[in-house]
Amino acid sequence: MTAVGRATIARWLNDEIFGKCFHPALDLGFSAELKRVEQNIRFFAAPPPNQDEADALTAKITQWRLTTMEGLAYRLNSAHAAQAKADFIQMAVSNLTAHLMNHLHDAADHGFQGNATSIIELAVGIASHLP
Numbered sequence: 000m001t002a003v004g005r006a007t008i009a010r011w012l013n014d015e016i017f018g019k020c021f022h023p024a025l026d027l028g029f030s031a032e033l034k035r036v037e038q039n040i041r042f043f044a045a046p047p048p049n050q051d052e053a054d055a056l057t058a059k060i061t062q063w064r065l066t067t068m069e070g071l072a073y074r075l076n077s078a079h080a081a082q083a084k085a086d087f088i089q090m091a092v093s094n095l096t097a098h099l100m101n102h103l104h105d106a107a108d109h110g111f112q113g114n115a116t117s118i119i120e121l122a123v124g125i126a127s128h129l130p
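The opening position of the sequence shown corresponds to residue 0 in numbering that gives the first Met the number 0, with each subsequent residue numbered one higher.
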């Protein structure tokens, strides 16, 4: 894999998983809405004049995330959450595979889908444990 391929995958993961998903074990629409709320906290805050203010804003967002996840514990620990996470992984694998296939000049090898699955599972694991 070339550096361009790695950068393409990293950009896709950032945009599609970390940028649009609050928690992969929640319903897609609900998770996306919570992520927009999180992003709006930063977007609509006054620009921090110094590093201390920037750190305070980051702490505010982190505290909001932790409080929200604590309040949603009943959903995150349910049987539906495991199915929602599996559905999210399946959807993300097919989306990443399709995205990468658009950029390939040669045919993909037989391990392509398995590699995409491994990458997505790792990213979802990280997204599930973000504070």
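Glycine included, every Cβ here is placed at the ideal spot set by N, Cα and C.
Contact the region 0-11 vs the region 93-110: 3+ CB pairs below 8 Å: The region 0-11 makes contact with the region 93-110: 3 or more CB pairs, one atom from each, lie closer than 8 Å.
The region 20-32 touching the region 119-128, judged by at least three CB pairs closer than 8 Å: Judged by Cβ distances under 8 Å, the region 20-32 makes contact with the region 119-128, as three or more pairs qualify.
Spatially closest choice to GLU32 from ALA45, ALA44, GLY18, by CA coordinates: Translated into the one-based positions of the sequence shown, residue 32 becomes position 33. For GLU32, the closest C-alpha among the options ALA45, ALA44, GLY18 is that of GLY18.
Cβ shell of ALA80 (< 8 Å), same chain only, five flanking positions each side left out: Counting from one through the sequence shown, the residue named residue 80 turns up at place 81. Correct list, in chain order: ALA24, LEU25, ARG74.
Assumed close pair ARG41, ILE60 - CB separation to whole angstroms, cut-off 8 Å: Residue numbering aside, residue 41 sits at position 42 when the sequence shown is read from its first letter. Residue numbering aside, residue 60 sits at position 61 when the sequence shown is read from its first letter. ARG41 to ILE60, Cβ: 6 Å. Contact.
Coil, strand or helix - LYS84 by DSSP: In the sequence shown, residue 84 corresponds to position 85, counting from 1. Residue state, collapsed to three classes: helix.
Under 8 Å between C-beta atoms of ALA83 and LEU12: Residue mapping note: residue 83 aligns to position 84 of the sequence shown, counting from 1. Residue mapping note: residue 12 aligns to position 13 of the sequence shown, counting from 1. Result no, Cβ atoms of ALA83 and LEU12 do not sit closer than 8 Å.
Minimum Cβ-Cβ distance from PHE43 to chain D less than 8 Å: Of the chains in the structure shown, none is chain D; there is only one protein chain.
Three-state secondary structure (DSSP) of THR1: Locating residue 1 in the sequence shown gives position 2, counting from the first residue. In the three-state DSSP reduction, THR1 falls in the coil class, being neither helix nor strand.
GLY110 versus ALA85: straight-line alpha-carbon distance, rounded: Taking the first residue of the sequence shown as position 1, residue 110 is located at position 111. Taking the first residue of the sequence shown as position 1, residue 85 is located at position 86. Each residue's Cα considered, the two are about 20 Å apart.
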